[in-house]
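Convert by adding 515 to the 1-based position in the sequence shown; the result is the number in the numbering used here.
Using N, Cα and C, we set each Cβ at its ideal position, and we do this for glycine too.
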Amino acid sequence: MTVKVNNLNWKIGGEAGYGILSAGEIFAYACAHGGLETFAYLEYPSLIRGGHNTYQVLVREDNVQSHSSQVDLLVALNKETIDRHLTEVVKDGALVYDSNEKDLRDYVCSRADAGCLGVPLEDLTKQAGGEKVMRNMVAVGVSFGLVKYPYDFIVELIDQVFSKKGAKMVQLNQAAAKAGYDYAQTNFAEKFDYQLKVKLNKDQRMLINGNEAIALGAIKAGLKFYAAYPMTPATSILHYLVAQERDYKLVVKQTEDEIAAMNMVVGASFAGVRSMTATSGGGFALMSEALGLAGMTECGTVVVIAQRPGPATGLPTWTEQGDLRFALHAGQGDFPRVVLAPGDPEECFYMTFQAHNLADKYQLPVIVLTDKYMAEARQTVPFFNTESLKLDRGELADTSKLSADARFARYAMTPSGVSQRSIPSQPGGVFAVNSDEHDDTGMANEEADTRQAQMDKRMKKLQALRSEIQEPVKLYGPKEAEVTLVGWGSTKGPILEAMKKSKNINFLQIRCLEPFPVKEVDTVLRQAKRRVLIENNYSGQL
516 MTVKVNNLNW
526 KIGGEAGYGI
536 LSAGEIFAYA
546 CAHGGLETFA
556 YLEYPSLIRG
566 GHNTYQVLVR
576 EDNVQSHSSQ
586 VDLLVALNKE
596 TIDRHLTEVV
606 KDGALVYDSN
616 EKDLRDYVCS
626 RADAGCLGVP
636 LEDLTKQAGG
646 EKVMRNMVAV
656 GVSFGLVKYP
666 YDFIVELIDQ
676 VFSKKGAKMV
686 QLNQAAAKAG
696 YDYAQTNFAE
706 KFDYQLKVKL
716 NKDQRMLING
726 NEAIALGAIK
736 AGLKFYAAYP
746 MTPATSILHY
756 LVAQERDYKL
766 VVKQTEDEIA
776 AMNMVVGASF
786 AGVRSMTATS
796 GGGFALMSEA
806 LGLAGMTECG
816 TVVVIAQRPG
826 PATGLPTWTE
836 QGDLRFALHA
846 GQGDFPRVVL
856 APGDPEECFY
866 MTFQAHNLAD
876 KYQLPVIVLT
886 DKYMAEARQT
896 VPFFNTESLK
906 LDRGELADTS
916 KLSADARFAR
926 YAMTPSGVSQ
936 RSIPSQPGGV
946 FAVNSDEHDD
956 TGMANEEADT
966 RQAQMDKRMK
976 KLQALRSEIQ
986 EPVKLYGPKE
996 AEVTLVGWGS
1006 TKGPILEAMK
1016 KSKNINFLQI
1026 RCLEPFPVKE
1036 VDTVLRQAKR
1046 RVLIENNYSG
1056 QL
């Protein structure tokens, strides 16, 4: 039988607490470090221990942008993994299971068309000097032994993952992985027709998820203040920025709730620094009043919404695109905003950078809309090109042109709707600011003509802003196609993967949802023969 080289979909499953995450990340990073294109995704329930967890890694030589439902190698640390996922294993694929598990000792595989390889994971762990919890490393070793991948890459990754726990822990996990690797090489040398080979002649790539890319984009954009309350799936942005706090001179604040986080971010913007927060739908509900404050005070802020299924608590650790309309309309009354929807980690980085420039230049809130799939899925991408990225702080008042004898006209009428802004303590830049409607100096004012003028001023920003959005839409595939797929956000990856199976399909990706790119979308859809909208929500919110 022909050996399949560098085309493998690997999946490991077990209870929370079995080390599914660390096993999956070591497998994924080892493949990526070997020059292979990698896509990795963790699924887990909203439980601290127990519940069913899986980590899936798709590896290929060419670009991979999504997971696959067809599994080549399934690693089961418990029987539930077999019960749930054995049907996903392809013909001529394989199942690796722990034959030491009480309910798997006499297991008889129901798949005659796939290899079922019982491995005494717990025994091998003990022989290596480890505890039962280290079975995951034995399983990783078995997996790499089956596909004949160089063991050196595993050693390197285990060292990186466990180094903070001390040299002994590193050695024990490396020994466990080696025990599994040797067992597979000895007992299953010709029983799995898949092989992974290192491809180090490729351009350098990195394995990164959307949340990490957003954090890096914000740092590159000059982020100085980040406030958030932990909420899955946005929490890892907080974790990442805390780790970078000293190196990049950031102020990172875990607040008592999302109300405080959003108000702090608005206050930091008023004080003159670039600020950001991140949450999910439930947290954003608490932020909506302060989002209106940002709109009224014209404080440029960036808000990341990593969506998960609602309503209410919903499904905290799963993915959905159900907050689109909420993001478009949250807050009191009408005020301008920008809603950007990146489709992969690269776009998360560049569009977060752009979000900060737009927030400052047009003095309004900018929302970066992702979801759990985008936030947590890891994908190999090129190293970011930052040479062309320039900071734009917008209309900052020149102290030499300000008068200490007059109140600063912070909200002065301008052709673009954007007024100069001063920084607190700037000589001659004193103005009033609160959540009330106001005149051009910020003093509360309830006159009809003032209200009309200030509303016109704020909304006028959208006219100039439209031309600033970089590629509000992208068209993939031929200009003329039998079917035009339309999507936004994380549907990009699965759509592009599906398009590899047909040459007569194109894809319209909508990257900016507010202001909506009416002209660009209309141009494509008018030429389309058949249109199919793909989005991950119940009602088709787009």
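Cβ distance (whole Å) where LEU879 is taken to contact VAL853 below 8 Å: 7 Å
Can you tell which of PRO748, ALA743, SER790 has the C-alpha that lies nearest to the C-alpha of LYS764? SER790
Report yes or no: do three or more beta-carbon pairs, one from the segment 693-706 and one from the segment 654-674, lie closer than 8 Å? yes
Name the one or two DSSP bridge partners that LYS519 has. TYR709
Here's the rule: buried if 16 or more other CB atoms are within 10 angstroms of the residue's CB, otherwise exposed. What is ALA654? buried
C-alpha gap between GLY992 and SER1054, whole angstroms: 27 Å
Relative to the alpha-carbon of TYR556, which residue among MET802, VAL572, ASN524, GLY566 has its alpha-carbon at the smallest distance? VAL572
One question on the structure: do ASP1096 and ALA927 come within less than 9 Å of each other, judged by their Cβ atoms? Residue coverage of the chain in this structure runs from 516 to 1057, which leaves residue 1096 outside it and unanswerable.
Under DSSP, the alpha helix (DSSP H) around THR1038 begins and ends at which residues? 1033-1042
Taking 6 Å as the limit between beta carbons, can you name the residues of its chain near HIS953, skipping five residues before and five after? ALA959, ASN960
With DSSP as the reference, identify every bridge partner of GLN1024, one or two as the case may be. LYS989, GLY1002
Give a yes or no on whether the C-beta atoms belonging to GLN580 and ASP859 are separated by under 9 Å. yes
For GLN769 and ALA743, I'd like the C-alpha separation in whole angstroms. 5 Å
Under 9 Å between C-beta atoms of GLY534 and VAL648: yes
Return the bridge partner residues of LYS768 from the DSSP annotation. ALA742
Which of the three DSSP states is assigned to GLY807 in this structure? helix
Using the Cα positions of GLU1074 and LEU855, report the straight-line distance between them to the nearest angstrom. The requested residue 1074 does not occur in the structure, where the chain is confined to residues 516 to 1057.
Hey, is PHE864 close to the ligand GTP, as in C-beta under 8 Å from one of its heavy atoms? Ligands are entirely absent from the displayed structure, and the ligand GTP is therefore not among its contents.
Nearest residue (CA-CA) to PHE1022, options LYS1034, VAL988, SER915: VAL988
Determine the contact status of PRO826 and GLY1004, defining contact as a CB-CB distance below 9 Å. no
DSSP three-state label for LYS647, please. helix
Assess, as a yes-or-no matter, whether the segment 587-606 is touched by the segment 524-531 under the definition of 3 or more beta carbon pairs within less than 8 Å. yes
Would you mind reading off the limits of the beta strand (DSSP E) that contains CYS546? From DSSP, CYS546 is part of no beta strand (DSSP E) but of the alpha helix (DSSP H) over 535-548.
With 16 other Cβ atoms within 10 Å as the buried cut-off, status of LYS1034: exposed
Would you check if there are 3 or more beta carbon pairs closer than 8 Å linking the segment 830-840 to the segment 806-817? no
Cβ-Cβ distance between ILE723 and GLN894 below 9 Å: yes
Closest to VAL781 by C-alpha separation, out of ILE752, MET802, ALA547, would be which residue? MET802
Mind checking which residues open and close the beta strand (DSSP E) that includes CYS863? Taken as a continuous stretch (DSSP letters only), CYS863 belongs to no beta strand (DSSP E), being part of the alpha helix (DSSP H) at 860-877.
Leaving out five residues on either side along the sequence, give the residues of the same chain with a beta carbon under 6 Å from the beta carbon of ALA1043. THR999
Taking C-alpha atoms, which residue in THR867, VAL881, ALA921 lies nearest to GLY944? ALA921
Report the partner residues of TYR698 according to the DSSP bridge assignment. Answer by DSSP bridge pairing: none, since TYR698 is not bridged.
Among ARG720, TYR559, TYR612, nearest to HIS548 - alpha-carbon criterion: ARG720
Integer-rounded CB distance, given that ILE752 should sit under 8 Å from ALA776: Contact flag wrong, Cβ pair sits at about 12 Å.
When DSSP labels each residue in this structure, what does ASN568 get in the three-state scheme? strand
Report yes or no: do three or more beta-carbon pairs, one from the segment 1005-1020 and one from the segment 965-975, lie closer than 8 Å? no
On the DSSP bridge assignment, give the partners of ALA1013 in chain order. The partner list for ALA1013 (beta bridge, DSSP) is empty, contrary to what the question assumes.
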